[in-house]
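Per UniProt numbering, residue 1 is the first one in the sequence shown, and the count goes up by one each step.
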Amino acid sequence: MDYLTTLLLLISIVSASIIRIFIRRFESVRLPPGPRPFPIIGNILELGINPHKSPTKLSKIYGPLMTLKLDSITTIVISSPQVAKQVLHKNGHVFSSRTIPHSVQALDHHRFSIVWLPPSPKWRNLRRVCATKVFSPQLLDSTQILRQQKVHDLLDFVKERCKKGEVIGFCERKMQKILVNVWAIGRDPTIWENPEMFMPERFLECEIDFKGHDFELIPFGTGKRICPGLPLAHRSMHLMVASLVHNFEWKLADGLVPENMNMEEQYGISIKRVQSLLVEAISIKHD
């Protein structure tokens, strides 16, 4: 009896493996090209220690639309603004849902959160509330004093550190997942001259904006899933940066010169620098 059970188990495993191989071959004809996945782990090894950069290198081999197998999840990676526009804008109704992690489902965020809800009447109603009640131009104008207070809090924090002499560290077969490689799109040398160089003046005469209409620059996303807080960030970010530049002189700490800075990145929950940026702020007294 044990022998028969073992034999049936082996036959079942072999049959399942053969069926899986045929299914993969059948599916691969309908998926974009990509590196051959390993059993179980898929293409995780190809991502290495910097998975935010690795798809860019792979896209130079397999093209701007490629397939990666991340564990058991089939992921379609988009690495060009033209393909991103085709997927997110022209076919946004098909690809606007999101893969929901188990940690999110455990707290029911996928049922009530605007971030994780699939396109539905409830989701559209929440987006409408954000657009008309939370981030509307009229409401943002009426709460300007609150943002000014945040700026003053930031300036007071830096001034306090200046007094103490401290250093501040700024430290329709349904596809399972679509990944837009924003890192690659924002550094595409065919679009941006010297993409790795800090050149904010490049935007002065540029008609490309960040509001989701131009797919060459989409820091807030685009399409149906564009960040609803974009109007608030648009009003706040430049005010924060301009206030810091206007009220303080900045220099690198410990006599470090810009040419010796390590600009490499380290991947984690968020992207951080390998070498922390330590700066000294000197308060400027304006008459």
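Beta carbons: idealized from backbone N, C-alpha and C, even for Gly.
Quick caveat: nothing in here was measured; it's all calculated off a predicted structure.
Please say whether residue j and residue i have beta carbons closer to each other than 8 Å?
i, j, result
"Phe215", "Ala131", "no"
"Pro81", "Ile178", "no"
"Glu46", "Leu65", "no"
"Leu256", "Val180", "no"
"Pro119", "Ser136", "no"
"Val151", "Leu239", "yes"
"Pro33", "Leu140", "no"
"Asn247", "Ile284", "yes"
"Arg127", "Arg235", "no"
"His110", "Tyr267", "no"
"Leu278", "Ala242", "no"
"Glu201", "Asn50", "no"
Would you list the one or two residues that DSSP bridges to residue i?
i, result
"Lys133", "Paired residues: none, contrary to the question."
"Leu179", "Val77"
"Gly42", "Phe38 and Leu70"
In angstroms with no decimal places, state the Cα-to-Cα distance between residue i and residue j.
i, j, result
"Leu8", "Leu31", "34 Å"
"Arg124", "Leu70", "31 Å"
"Ile11", "Ile218", "51 Å"
"Ser72", "Ile40", "7 Å"
"Val245", "Ile61", "42 Å"
"His154", "Gly92", "Note on residue identity: the sequence assigns Leu, not His, to residue 154. Each residue's alpha carbon lies about 39 Å from the other."
"Thr56", "Leu117", "29 Å"
"Asn260", "Ile271", "21 Å"
"Val274", "Ser54", "17 Å"
"residue 325", "Thr74", "Summary: the structure shown does not reach residue 325, with the chain confined to residues 1 through 287, and so no result is reported for it."
"Glu249", "Asn262", "22 Å"
"Leu107", "Pro121", "21 Å"
"Val167", "Asp156", "Confidence at Val167 is low in this model, with a pLDDT of 44, below 50, so the placement of that residue should be treated as unreliable; the coordinate-derived value is given next. Cα to Cα, Val167 sits roughly 15 Å from Asp156."
"Lys18", "Phe38", "The residue you asked about is not Lys; residue 18 is Ile in the sequence shown. Whole-angstrom Cα-Cα distance: 16 Å."
"Val115", "Thr5", "49 Å"
"Phe220", "Gly48", "26 Å"
"Ile44", "Ile78", "17 Å"
"Val94", "Arg161", "50 Å"
"Trp192", "Ala233", "24 Å"
Is there a Cβ of chain D sitting closer than 8 Å to that of residue i, yes or no?
i, result
"Cys206", "In summary, chain D is missing from the structure at hand, where a single protein chain is found."
Can you list, in chain order, the stretches of the beta strand (DSSP E) that have 3 or more residues and sit fully within the stretch 227-283? Listed in chain order, the complete beta strand (DSSP E) runs (minimum 3 residues) inside the stretch 227-283 are 248-252 and 278-283.
For the 8 Å Cβ check, are there 3 or more pairs between the stretch 190-206 and the stretch 220-229? Cβ pair count under 8 Å is below three, so no.
Which runs of the alpha helix (DSSP H) at least 4 residues long sit entirely within the stretch 109-157? Give them in chain order. List check, alpha helix (DSSP H) in window: 109-112, 121-129 and 137-142.
Does the count of Cβ pairs from the stretch 207-214 and the stretch 94-103 closer than 8 Å reach three? Note that the stretch 207-214 does not touch the stretch 94-103; fewer than 3 beta-carbon pairs, one per stretch, sit closer than 8 Å.
Would you mind listing the alpha helix (DSSP H) stretches within the stretch 59-114 that are 4+ residues and don't spill past its ends, in chain order? Qualifying alpha helix (DSSP H) stretches, in chain order: 81-85, 92-95, 102-106 and 109-112.
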